[in-house]
Amino acid sequence: MENKDNTNFWRQTAISAEFVRINAELQKGARIISINGTTANSAKSLILWMLQRKTKKTFVVVSDSNGDLETWNGDICAVADFDSQSANRTDNLQVWSVPSSDNDIYAGVSPHPETMERRALTFWKLTREKPDFLLLTARSLVARTVTPDELKNLGAFLKRDEDFAPEFLIEKLAACGYVKSEPVNGLGQFSSRGGIVDVWSPDCKSPVRIEFFGDTVDSIREFDAETQLSTGQLSEISFAPMREFAASPQDFRDWAVLANEKFEDERFARAIQDRAEFAENGESFSGWEYLLPLLNTRKGSVFDYLPKDCVLIFDEPATVENNLTTFYQTLTRRFIEIDKA
904 MENKDNTNFW RQTAISAEFV RINAELQKGA RIISINGTTA NSAKSLILWM LQRKTKKTFV
964 VVSDSNGDLE TWNGDICAVA DFDSQSANRT DNLQVWSVPS SDNDIYAGVS PHPETMERRA
1024 LTFWKLTREK PDFLLLTARS LVARTVTPDE LKNLGAFLKR DEDFAPEFLI EKLAACGYVK
1084 SEPVNGLGQF SSRGGIVDVW SPDCKSPVRI EFFGDTVDSI REFDAETQLS TGQLSEISFA
1144 PMREFAASPQ DFRDWAVLAN EKFEDERFAR AIQDRAEFAE NGESFSGWEY LLPLLNTRKG
1204 SVFDYLPKDC VLIFDEPATV ENNLTTFYQT LTRRFIEIDK A
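In my numbering, the protein residues as written are 904 to 1244.
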């Protein structure tokens, strides 16, 4: 009886006007779709879920805010869970998101670490595979970032019996946002002692322990974070970055030199001095993520990471457009205020 009810439910959705409209556009080869006027987000999610299953393409949903990403993610997963109870079971749903920082870039405040981690992990995964759904905010769509090649270079890939200097691994981990901790018991942490390096990457279920013989990877083992005991052997492992851009102590020192040259005007003296004091010592400072592009220009965007055959879907495009208009107006106003200060 339940399977019959589920079948009727899918059938009713498949003949809805919005489903028919979007399906017709997709059949004509449309790569950009707009969704307007369907008030319930759950209804939108159901329609897109059915069409994604049909086309097998990555659906890139662009919405207004980070809160919308959570709503979309919850609704799509709920639809998938409902479908898993039917005869047409679908497993291994991949729904990824690229949140945006809500900070004022001129306020001297860094993005939330969780936002940076989620962005970096999604970009990292996009260089390797395609999701079923990719959820973006309007601001994440237009923000500059690193290129896919630059991002892949931030992470690390190790294979047993191949060379990878442990000192180089530690430098890469620290530069891309990992925190040194002894013992390792949380995501984004690493430790080193002798020829052993422990790491817990955000794309791994468990931390791993790498033993080196000189510069050669001698063994790679998963271990339990609570007991610190090994649970299994691995032949290879990859470590995703914890943020989408690297920053080494030398990068900060180089930035301090450029910043002092470029912002030598007296009106910038106080703001630059406070930051340069940290940077000259190779240390980060609040809001550095928005200032380091002075040293390394960001040449990429989220478009560089999208699968070639993806479908862009704008959720309430008028709202998205208004959001971006307000965003750019605010940036312009804040720039003028800072420039005149």
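By construction, the Cβ of each residue, glycine as well, lies at the ideal position given by its N, Cα and C atoms.
Item to check | Own chain, CB closer than 7 Å to residue 1105, minus 5 neighbours either side, in chain order | outcome: Counting from 1 along the sequence shown, the entry for residue 1105 is found at position 202. Shown here for residue 1105: same chain residues with a beta carbon closer than 7 Å to its own, the five before and five after excluded, namely 1020, 1024, 1090, 1091, 1143 and 1145 in chain order.
Next on the checklist: Quick check on residue 1236: does DSSP put it in helix, strand or coil?
Outcome noted: Mapped onto the sequence shown, residue 1236 falls at position 333. Here residue 1236 sits in helix by DSSP.
Checklist entry - Shortest alpha-carbon distance to residue 1049 belongs to which of 1136, 959 and 1148? => result Locating residue 1049 in the sequence shown gives position 146, where the first residue counts as 1. Ranking 1136, 959 and 1148 by Cα distance to residue 1049 puts 1148 first.
Checklist entry - If you compare alpha carbons, which of 1081, 952 and 1072 is closest to residue 1098? => result Working through the sequence shown from its first residue, we reach residue 1098 at position 195. When the alpha-carbon of residue 1098 is set against those of 1081, 952 and 1072, the nearest one is in 1072.
Checklist entry - Are three or more beta carbon pairs between the region 1055-1069 and the region 1006-1019 nearer than 8 Å? => result Taking 8 Å as the limit for Cβ pairs, the verdict is that the region 1006-1019 does not touch the region 1055-1069.
Checklist entry - Roughly how many angstroms separate the alpha carbons of residue 1119 and residue 1085, rounded to a whole number? => result As a first step, residue 1119 must be located in the sequence shown, where it is residue number 216. As a first step, residue 1085 must be located in the sequence shown, where it is residue number 182. Looking at the backbone, the Cα of residue 1119 and that of residue 1085 are separated by about 23 Å.
Next on the checklist: Quick check on the burial criterion: 16 or more other C-beta atoms within 10 angstroms. Buried or exposed for residue 1184?
Outcome noted: Position 281 of the sequence shown, counted from the start, is the residue given in the question as residue 1184. Exposed, by the Cβ-count rule.
Next on the checklist: Since residue 1044 and residue 1214 should fall inside the 8 Å C-beta cutoff, what is the C-beta to C-beta distance between them, to a whole number of angstroms?
Outcome noted: Walking along the sequence shown from the start, residue 1044 turns up at place 141. Walking along the sequence shown from the start, residue 1214 turns up at place 311. Going by Cβ atoms, the distance from residue 1044 to residue 1214 rounds to 15 Å, so no, they are not a contact pair.
Next on the checklist: Using only the alpha-carbon positions, how far apart do residue 1059 and residue 1154 sit?
Outcome noted: Translated into positions along the sequence shown, residue 1059 becomes position 156. Translated into positions along the sequence shown, residue 1154 becomes position 251. Cα-Cα distance, rounded: 19 Å.
Next on the checklist: Quick check on this structure: which residue in 1111, 1129 and 1157 has the alpha carbon closest to the alpha carbon of residue 1136?
Outcome noted: On the sequence shown, position 233 is the one that residue 1136 refers to. Ranking 1111, 1129 and 1157 by CA distance to the CA of residue 1136 puts 1111 first.
Next on the checklist: Going by DSSP in three states, residue 1083 sits in which element: helix, strand or coil?
Outcome noted: Residue 1083 sits at position 180 when you count from the first residue of the sequence shown. If DSSP states are grouped into helix, strand and coil, residue 1083 belongs with the strands.
Checklist entry - residue 1092 lies in the beta strand (DSSP E); which residues open and close that run? => result Against the sequence shown, residue 1092 aligns to sequence position 189. Per DSSP, residue 1092 belongs to the beta strand (DSSP E) from 1092-1096.
Item to check | Nearest to residue 1207 (by Cα), restricted to the options 1233, 1241 and 1046 | outcome: The count along the sequence shown starts at 1 and reaches residue 1207 at position 304. Sorting 1233, 1241 and 1046 by C-alpha distance to the C-alpha of residue 1207 places 1046 at the top.
Next on the checklist: Which residue wins for smallest C-alpha separation from residue 983, given the options 973, 971, 970 and 997?
Outcome noted: Taking the sequence shown and counting its residues from 1, one reaches residue 983 at position 80. If we check each option's Cα against that of residue 983, 997 comes out closest.
Item to check | Alpha-carbon spacing of residue 1009 relative to residue 1224, whole angstroms | outcome: By 1-based counting over the sequence shown, the position of residue 1009 is 106. By 1-based counting over the sequence shown, the position of residue 1224 is 321. Cα to Cα, residue 1009 sits roughly 22 Å from residue 1224.
Checklist entry - Roughly how many angstroms separate the alpha carbons of residue 1222 and residue 921, rounded to a whole number? => result Mapped onto the sequence shown, residue 1222 falls at position 319. Mapped onto the sequence shown, residue 921 falls at position 18. Straight-line measurement puts the Cα of residue 921 at about 19 Å from the Cα of residue 1222.
Checklist entry - DSSP on residue 961, reduced to helix/strand/coil? => result Taking the first residue of the sequence shown as position 1, residue 961 is located at position 58. When DSSP states are grouped into helix, strand and coil, residue 961 belongs to the coil group.
Checklist entry - Enumerated in chain order, which unbroken segments of the alpha helix (DSSP H) with a length of 4 residues or greater are wholly contained in the region 984-1050? => result Taken in chain order, the complete alpha helix (DSSP H) segments of 4 or more residues contained in the region 984-1050 are 1016-1029 and 1041-1045.
Checklist entry - In the DSSP assignment, what residue or residues form a beta bridge with residue 1137? => result Position 234 of the sequence shown, counted from the first residue, corresponds to residue 1137. The partner list for residue 1137 (beta bridge, DSSP) reads 1123.
Next on the checklist: Would residue 1217 and residue 937 qualify as a contact pair, given that the criterion is a beta-carbon distance under 7 Å?
Outcome noted: By one-based count along the sequence shown, residue 1217 stands at place 314. By one-based count along the sequence shown, residue 937 stands at place 34. Yes. Within cutoff.
Checklist entry - Who pairs with residue 1202 in a beta bridge, going by DSSP? => result Locating residue 1202 in the sequence shown gives position 299, where the first residue counts as 1. Paired residues: none, contrary to the question.
Checklist entry - Should the region 1158-1170 be called in touch with the region 1183-1203, which here means at least 3 C-beta pairs below 8 Å? => result A contact exists between the region 1158-1170 and the region 1183-1203.
Checklist entry - Using DSSP with H/G/I as helix, E/B as strand and the rest coil, what is residue 1148? => result The residue labelled residue 1148 in the question sits at position 245 within the sequence shown. Correct three-state label for residue 1148: coil.
Checklist entry - For the alpha helix (DSSP H) that contains residue 1177, what are its first and last residues? => result Numbered from 1 along the sequence shown, position 274 holds the residue referred to as residue 1177. Start and end: 1172-1183.
Item to check | Run of the alpha helix (DSSP H) containing residue 924, from where it starts to where it stops | outcome: Sequence index remark: in the sequence shown, residue 924 carries index 21 (1-based). Residue 924 -> alpha helix (DSSP H) spans 920-930.
Item to check | residue 1031 versus residue 1061: straight-line alpha-carbon distance, rounded | outcome: Numbered from 1 along the sequence shown, position 128 holds the residue referred to as residue 1031. Numbered from 1 along the sequence shown, position 158 holds the residue referred to as residue 1061. Distance between the alpha carbons of residue 1031 and residue 1061: 16 Å.
Item to check | Cβ neighbour criterion (16 or more within 10 Å) applied to residue 971 | outcome: Stepping through the sequence shown from its first residue, residue 971 is reached at position 68. Its Cβ being crowded by 16 or more others within 10 Å, residue 971 is buried.
Next on the checklist: Taking 6 Å as the limit between beta carbons, can you name the residues of its chain near residue 999, skipping five residues before and five after?
Outcome noted: Here the question's residue 999 lines up with position 96 in the sequence shown. The answer, listed in chain order, is 1025, 1034 and 1037.
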